[in-house]
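Enquirer: Those sequence lines, one after another, are chains A and B. Just so it is clear: in the first sequence, position 236 is 569 by our numbering, and no numbers are missing. Just so it is clear: in the second sequence, position 5 is 34 by our numbering, and no numbers are missing. For every residue, glycine included, the Cβ atom is placed at its ideal position computed from N, Cα and C.
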Amino acid sequence: MLDLTRIREDFPILSQQVHGKKLVFLDSAASAQKPRAVINAMVNAMETQYANVHRGLHYMSERTSDAYEAVRDKVAGLLNAASRDEIVFTRNGTESINLVAYTYGRAILQPGDAVAVSEMEHHANLVPWQMLRDAHGTELRIIKITDAGEVDFDSLEQTFADGKVKLLAITHMSNVLGTYTPVERLAAFAHAHGAKILLDGCQAIVHRQVDVQAIDADFYVFSGHKLYGPTGIGVLYAKRDILDSMPPFLGGGDMIASVSYARSTWAKPPHRFEAGTPAILETIGLGAAIDYVENIGFDAIAAHERDLTDHALNVLSNIEGLKILGSAQDRGGVVSFTMRNAHAHDIATLLDRQGIAVRAGHHCAEPLMGRLGVTATARASFAVYTTREEIDALGQGLQRIKQMFQ
Amino acid sequence: MSAEIYQALIMDRSRNPRFAGRPATVDAMARGDNPMCGDRVEVFLHGAEIRHEGKGCAIMTASADLMAEAATGKTALEIATLHAAFKQVVTTGEAKPELGDLNALAGVWEYRSRIRCATLPWDALAQALEHDRFKCDHA
Chain A
334 MLDLTRIRED
344 FPILSQQVHG
354 KKLVFLDSAA
364 SAQKPRAVIN
374 AMVNAMETQY
384 ANVHRGLHYM
394 SERTSDAYEA
404 VRDKVAGLLN
414 AASRDEIVFT
424 RNGTESINLV
434 AYTYGRAILQ
444 PGDAVAVSEM
454 EHHANLVPWQ
464 MLRDAHGTEL
474 RIIKITDAGE
484 VDFDSLEQTF
494 ADGKVKLLAI
504 THMSNVLGTY
514 TPVERLAAFA
524 HAHGAKILLD
534 GCQAIVHRQV
544 DVQAIDADFY
554 VFSGHKLYGP
564 TGIGVLYAKR
574 DILDSMPPFL
584 GGGDMIASVS
594 YARSTWAKPP
604 HRFEAGTPAI
614 LETIGLGAAI
624 DYVENIGFDA
634 IAAHERDLTD
644 HALNVLSNIE
654 GLKILGSAQD
664 RGGVVSFTMR
674 NAHAHDIATL
684 LDRQGIAVRA
694 GHHCAEPLMG
704 RLGVTATARA
714 SFAVYTTREE
724 IDALGQGLQR
734 IKQMFQ
Chain B
30 MSAEIYQALI
40 MDRSRNPRFA
50 GRPATVDAMA
60 RGDNPMCGDR
70 VEVFLHGAEI
80 RHEGKGCAIM
90 TASADLMAEA
100 ATGKTALEIA
110 TLHAAFKQVV
120 TTGEAKPELG
130 DLNALAGVWE
140 YRSRIRCATL
150 PWDALAQALE
160 HDRFKCDHA
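1. Sort out for me which residues DSSP pairs S451/A with in a bridge.
2. I believe V450/A touches A384/A by the beta-carbon criterion, under 8 Å. Please report the beta-carbon distance rounded to the nearest angstrom.
3. Helix, strand or coil for A690/A? Go by DSSP, reduced to three states.
4. Taking only runs that begin and end inside the stretch 82-129 of chain B, name each unbroken alpha helix (DSSP H) of 4 or more residues, in chain order.
5. So that I know if they touch, is there some Cβ in chain A lying closer than 7 Å to that of A87/B?
6. Does DSSP put V55/B in a helix, a strand or coil?
7. Rounded to the nearest angstrom, how far is the Cβ of A550/A from that of L576/A, given a contact under 8 Å?
8. Please report whether the beta-carbon of T708/A lies at a distance below 7 Å from any beta-carbon of chain B.
9. Under 6 Å Cβ to Cβ from C146/B, same chain only, skipping five residues before and after it: list those, please.
10. For chain B, check one thing: does any of its Cβ atoms lie closer than 7 Å to the Cβ of G703/A?
11. H300/A touches chain B at which residues, Cβ-Cβ below 7 Å?
12. Using a Cβ cut-off of 8 Å, pull out every chain A residue sitting near G67/B, in sequence order please.
13. Just verifying my parser: in three-state terms, what is the DSSP assignment at A168/B?
14. Using only the alpha-carbon positions, how far apart do A746/A and G584/A sit?
15. Please state whether DSSP places Y513/A in a helix, a strand or coil.
16. Can you pull the chain D neighbours of D679/A, defined as C-beta to C-beta under 8 Å?
17. Decide yes or no for the touch test of the stretch 518-527 of chain A against the stretch 482-502 of chain A: beta carbon pairs closer than 8 Å, at least 3 of them.
18. Less than 7 Å separating the beta-carbons of I476/A and V554/A?
19. Assuming the contact rule is C-beta atoms closer than 8 Å, A635/A and H540/A should be a hit. Round their C-beta distance to whole Å, please.
20. Express the C-alpha separation of P603/A and I589/A in angstroms, rounding to a whole number.
21. How many angstroms separate the CA atom of E699/A from the CA atom of N425/A?
22. Does the count of Cβ pairs from the stretch 604-623 of chain A and the stretch 376-394 of chain A closer than 8 Å reach three?
23. Would you call M393/A buried or exposed, if buried means 16 or more other Cβ atoms sit within 10 Å of its Cβ?
24. Hey, how far is the Cα of Y140/B from the Cα of C66/B?
25. Is E699/A helix, strand or coil when you go by DSSP?
26. Does DSSP put K572/A in a helix, a strand or coil?
27. If you pair each beta-carbon of the stretch 457-473 of chain A with each one of the stretch 432-444 of chain A, do three or more pairs fall below 8 Å?
28. How many angstroms separate the CA atom of T54/B from the CA atom of H524/A?
29. In the structure shown, what three-state DSSP assignment does Y553/A receive?
30. Would S591/A be called buried (16 or more neighbouring beta carbons within 10 Å of its own) or exposed?
31. Given a threshold of 16 other Cβ atoms within 10 Å of its Cβ, counted over all protein chains shown, does R686/A qualify as buried or as exposed?
32. For N651/A, which residues from the same chain have a beta carbon less than 8 Å from its beta carbon, with the 5 sequence-adjacent residues on both sides left out?
33. At a cut of 8 Å, does the stretch 147-162 of chain B reach the stretch 104-123 of chain B through at least three beta carbon pairs?
34. Looking at the unbroken beta strand (DSSP E) that takes in S714/A, where does it start and where does it end?
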């Protein structure tokens, strides 16, 4: 099991107070806090080892390039990618999906082909496909979810029945319902129907060991900042042959093989997709974050979060008038709920007065809110540093709010 | 729990609004949407009456109700002045005696993300008045 006391000491911000109360941070699914190791890695790079990458012939540039490229190996290891060249650095998960929509979407998908997403996607995995549809003439299809918040396989079958779907773009873990999708099964299904699969792993990567080869994922995306790393760095994994087939996204320095006034040729992946000076410091920070979680180990992280989620479901379901959204068999450390007579915003503000940070709103999943018949929910989400006591504090806070709004 | 914005008046007006509901006939109306949270309010004008209907948090509902009360019987210009003064109150936290019960919302100034909840109905009212004027001009 985890040494929670030590882990909490690794995160300096957790000793902060909010409105004179101890900070209870239950909003890690929006963005996680950063351990000292990540902070130090970035500060250390700036203080001792920094220059632009892939350019200078001087010592600092070479050392910085080494540090930057070493993170590509770490990410390849984290995902168990077959090659480091399958790892493209982006700004965040959203940019990764946009990159795929813009390049693979326009060059490989043909007008009339369909992209399928589920009803429980974050806007990041919906809007880029709407934009592709409008610009390129692809179709966008929505796969239903069950009331429990799981992928409806009947709907999946129907969506693929006419053979037009060429890409299934779906979350690996819902940021609203906490549902893990059965990704191996979905990948096999997509491949059997002649489609590729893109997985939005922004939530899942934090809580579970991800093996893109075992899943047989064609694309896998995530953000650094939810994985205890800095903002401004994201990852796109794609199989080598797919990346090879894709034209560039942004043009500029670093992504070319040769340039003349008349024309340019493109670098090989992954550099083809990394135009301009990258987020060097943030990438180094992501490397430290990966070391940090791998050091703790995903088995221990997953066990801890399962325990927290079970505890939270238990505590919250004992509050009369509180409704938990979704009841998937396989769910992670994200619990969304509504409370009779109390709007999610009021809940969040009143919890904040007690030092408890939760998210309230539509969680960048507006259509899903409509599907669930709510306008907004409150959401508590858990991380490696979350304690059972914090969930108890949430429960007590909610009891008090319930009394106010009864 | 000492969140001073959730005082008795706010809780009462959110639970039992006095000016809620769409009138049978409507001269003008406008909708306010907060894309951040999905709050929605509709403000209706019918003669001298102002009514609101919506789905949202306690702050938004109470604000809409107190607004309807305060604005009833006032001219568009007076309402615009009140609107401006109200915005000042909710962004600075400093009450203005002439605003009466509307000062109950002053506490939202501390919660930047909630100021919009308080001003949403006012923006909708301003729009409804604008629609009303437009209609009259072209009648």
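Expert: On the basis of the coordinates in this document:
1. As a position in the first sequence, residue 451/A is number 118, starting the count at 1. Answer by DSSP bridge pairing, in chain order: I476/A.
2. Position 117 of the first sequence holds residue 450/A. Position 51 of the first sequence holds residue 384/A. About 41 Å; that fails the 8 Å criterion.
3. Within the first sequence, the letter at position 357 stands for residue 690/A. The answer is strand: DSSP assigns A690/A an E or B state.
4. 87-100 and 105-121
5. Stepping through the second sequence from its first residue, residue 87/B is reached at position 58. For A87/B, the answer is yes, since a Cβ of chain A falls inside 7 Å of its Cβ.
6. What you label residue 55/B is simply residue 26 of the second sequence in a count that begins at 1. Residue state, collapsed to three classes: coil.
7. Here the question's residue 550/A lines up with position 217 in the first sequence. Here the question's residue 576/A lines up with position 243 in the first sequence. Their Cβ separation, rounded to whole angstroms, is 13 Å, which puts A550/A and L576/A out of contact at 8 Å.
8. Locating residue 708/A in the first sequence gives position 375, counting from the first residue. Judged by the 7 Å Cβ criterion, T708/A is in contact with chain B.
9. As a position in the second sequence, residue 146/B is number 117, starting the count at 1. Closer than 6 Å at the Cβ level, and outside the excluded window around C146/B, lie C86, I88 and M89.
10. In the first sequence, counting from the first residue as 1, residue 703/A sits at position 370. Answer no: the Cβ-Cβ gap between G703/A and chain B never drops below 7 Å.
11. One cannot answer for residue 300/A here, as it falls past the ends of chain A, which runs 334 to 739.
12. As a working note, residue 67/B is residue 38 in the second sequence. Result: G694, H695, E699, M702, T708 and A709.
13. Looking up residue 168/B in the second sequence gives position 139. With a pLDDT of only 40 at A168/B, under the threshold of 50, the placement of this residue in the model should not be trusted; the figure read from the coordinates follows. Here A168/B sits in coil by DSSP.
14. Past the edges of chain A, shown from 334 to 739, lies residue 746/A, and the structure says nothing about it.
15. On the first sequence, residue 513/A is found 180 positions in, with the first residue counted as 1. Strand, per DSSP.
16. Although the question refers to chain D, the structure presented lacks it and instead comprises the protein chains A and B.
17. yes
18. Within the first sequence, numbered from 1, the residue matching residue 476/A stands at position 143. Within the first sequence, numbered from 1, the residue matching residue 554/A stands at position 221. No; because the gap between Cβ atoms is not below 7 Å, this pair is not in contact.
19. Residue numbering aside, residue 635/A sits at position 302 when the first sequence is read from its first letter. Residue numbering aside, residue 540/A sits at position 207 when the first sequence is read from its first letter. With 8 Å as the limit, A635/A and H540/A qualify as a contact, their Cβ atoms being about 6 Å apart.
20. Residue mapping note: residue 589/A aligns to position 256 of the first sequence, counting from 1. Residue mapping note: residue 603/A aligns to position 270 of the first sequence, counting from 1. Roughly 11 Å separates the two Cα atoms.
21. As a first step, residue 699/A must be located in the first sequence, where it is residue number 366. As a first step, residue 425/A must be located in the first sequence, where it is residue number 92. Approximately 20 Å between the Cα atoms of the pair.
22. yes
23. Counting from 1 along the first sequence, the entry for residue 393/A is found at position 60. Exposed, since its Cβ has fewer than 16 Cβ neighbours within 10 Å.
24. The count along the second sequence starts at 1 and reaches residue 140/B at position 111. The count along the second sequence starts at 1 and reaches residue 66/B at position 37. So the alpha carbons of these two residues sit roughly 15 Å apart.
25. By one-based count along the first sequence, residue 699/A stands at place 366. Note: E699/A maps to helix in three-state DSSP.
26. Here the question's residue 572/A lines up with position 239 in the first sequence. In the structure shown, K572/A sits in coil (DSSP, three-state: anything other than H, G, I, E or B).
27. yes
28. If you number the second sequence from 1, residue 54/B lands on position 25. If you number the first sequence from 1, residue 524/A lands on position 191. Using only the alpha carbons, I get a separation of about 58 Å.
29. On the first sequence, position 220 is the one that residue 553/A refers to. Y553/A falls in the strand class under three-state DSSP.
30. If you number the first sequence from 1, residue 591/A lands on position 258. The residue in question, S591/A, is exposed, as its Cβ has fewer than 16 Cβ neighbours within 10 Å.
31. The residue labelled residue 686/A in the question sits at position 353 within the first sequence. Under this definition R686/A is a buried residue.
32. Here the question's residue 651/A lines up with position 318 in the first sequence. The residues are G728.
33. yes
34. Residue numbering aside, residue 714/A sits at position 381 when the first sequence is read from its first letter. Per DSSP, S714/A belongs to the beta strand (DSSP E) from T710 to S714.
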